Amino acid sequence: MDISNYLYLSIILFTIGAVGVVIRRNAIVVFMCVELMLNAANLAFVTFARINGNLDGQVASFFTMVVAACEVVVGLAIIVTIYRSRRSASVDDASLLKR
Amino acid sequence: MLNLALEAGRTHTPEAVLFWFLAPLAVAAALGMLLVKKAVHSALLLAWVMISLAIIYIAQDALFLGIVQIVVYTGAVMMLFLFILMLVGVDSSDSLKETIKGQRPAIIFVSVGLIGLFLSLLGRATIGIPAVGLKNANTNGNVQGLASELFTKYVWAFEVVSALLITAALGAMVLAHSQKSKSKFAQRDQAIARFRGKSLATAAGLPSSGVYARHNAVDVPALLPDGTAAKLSISQTLDARGDMIESKVFELKEREQEED
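Chains as they are written, first to last, in the working numbering: chain A, 11 to 109; chain B, -12 to 247.
Below is the structure:
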């Protein structure tokens, strides 16, 4: 098996995540799709680290995980705040700036 | 430890078997995440994708990242997601109907373009470069190698990331904190409201259940002087649930029949 198959898997997962961000309406599912995209990028980092024979890619992947954890904490807090005031977790309902 | 070395940029058979077992399942789970209706099912499918990615990391000589992936992602992040899902409401299954007209065909078109874009990037990044493998980099162990990178070359990034974590924790606290806009309706306020109300009939408190009725259980309403039931004497919850028992049930009928 060629090692670039991992990169193809990463591309497919990233694209699925990107599609999910656009088509799903539930804010929590949208966030999960963002996580999927971050994970796909991590897989690419790990594979490139292996291709290049050094650990820089793995360190980058580690930092991505930390940033993803921060993003989840703040993002979910925002979702809970919006849900508390609007009783809905749908991204279509959070459209106050439009009106 | 797994020692799956590379031979001229190609992996050995066990790793290929592992990949062809995990990759289709991961892609299927990711697609399922898009298509299932309930958010909880999406979360579980995403947890499966993350676990299979962790196994793939370990197979790719990234032992530390594989473990961190399981502990941080499937352990902490997904549990946080499920926690918020339970808080917001498990039944909040969103409709899969498209709200913007023509969005679905457009996004399929765009995603094919996105894949093409990535493939062209990948071609530039990989073609003609033989894969080296991590055998040399991992000679002292993967964790030790990562640690020496992290605390020498990337120590500034490490410090910045710690600041980011603290900021995120503070941000979550600020966002989750809700300030009360008015003070609580306490016992004193209730007493004042009772005496300032329209009628003083309930100023001394509501009647207790079962008074002058044939039975003194909490679900039997008190009887008014004219013999009708006083609905105020029992809890509104019991009334709403239909658990109220009319005291007529307990009337003694046998004696009346004997007298007749």
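Note that the Cβ used here is the ideal one computed from N, Cα and C, for glycine as well. Nothing here was measured: the structure is a model prediction, and the numbers come from that model.
CA-to-CA distance, residue j to residue i, given in whole angstroms
i: L69 (chain B); j: A34 (chain B); result: 11 angstroms
i: T18 (chain B); j: L32 (chain B); result: The sequence given here places Leu at residue 18 (chain B); Thr does not occur at that position. Computed Cα separation, rounded: 9 angstroms.
i: F58 (chain A); j: L65 (chain A); result: 9 angstroms
i: D102 (chain A); j: Y141 (chain B); result: 41 angstroms
i: V36 (chain B); j: A180 (chain B); result: 58 angstroms
i: A16 (chain B); j: W7 (chain B); result: 14 angstroms
i: I112 (chain A); j: V148 (chain B); result: Residue 112 (chain A) falls outside the range modelled here, since chain A spans only 11 to 109, and no answer is possible.
i: S165 (chain B); j: I102 (chain B); result: 43 angstroms
i: A150 (chain B); j: S135 (chain B); result: 21 angstroms
i: T0 (chain B); j: A63 (chain B); result: 33 angstroms
i: I87 (chain B); j: Q68 (chain A); result: 40 angstroms
Contact set for residue i: own chain, Cβ-Cβ below 8 angstroms, skip 5 residues either direction
i: I42 (chain B); result: L5, L9, G53
i: F145 (chain B); result: L137, F138
Residues of its chain near residue i, where Cβ-Cβ distance is below 6 angstroms and the 5 sequence neighbours each way are ignored
i: R34 (chain A); result: V40
i: I232 (chain B); result: D206, V207
i: D230 (chain B); result: D206
i: A70 (chain A); result: F55
Beta-carbon spacing of residue i, residue j below 7 angstroms
i: I22 (chain A); j: V14 (chain B); result: yes
i: L109 (chain B); j: L17 (chain A); result: yes
i: L193 (chain B); j: L210 (chain B); result: no
i: I94 (chain B); j: V32 (chain A); result: yes
i: T74 (chain A); j: L48 (chain A); result: yes
i: G30 (chain A); j: L21 (chain B); result: yes
i: L50 (chain B); j: N129 (chain B); result: yes
i: A99 (chain A); j: A50 (chain A); result: no
i: R60 (chain A); j: Q90 (chain B); result: no
i: A3 (chain B); j: M11 (chain A); result: yes
Sequence-distant residues of the same chain with beta carbon closer than 7 angstroms to residue i, five excluded per side
i: R201 (chain B); result: S234, F237, E238
i: Y199 (chain B); result: A209, L210
Near-chain D residues of the stretch 113 to 138 of chain B (beta-carbon distance less than 7 angstroms), N- to C-terminal order: No chain D is part of this structure, whose protein chains are labelled A and B.
The stretch 77 to 86 of chain A touching the stretch 38 to 56 of chain A, judged by at least three CB pairs closer than 8 angstroms: Yes: the two stretches touch, three or more of their Cβ pairs being nearer than 8 angstroms.
In chain order, each alpha helix (DSSP H) run of at least 4 residues that lies wholly inside the stretch 32 to 88 of chain A: 37 to 62
Entirely enclosed alpha helix (DSSP H) segments - the stretch 13 to 86 of chain B, minimum 4 residues: 26 to 46, 50 to 55, 65 to 75
Runs of alpha helix (DSSP H) wholly within the stretch 178 to 239 of chain B (minimum 4 residues, chain order): Runs found: 223 to 228.
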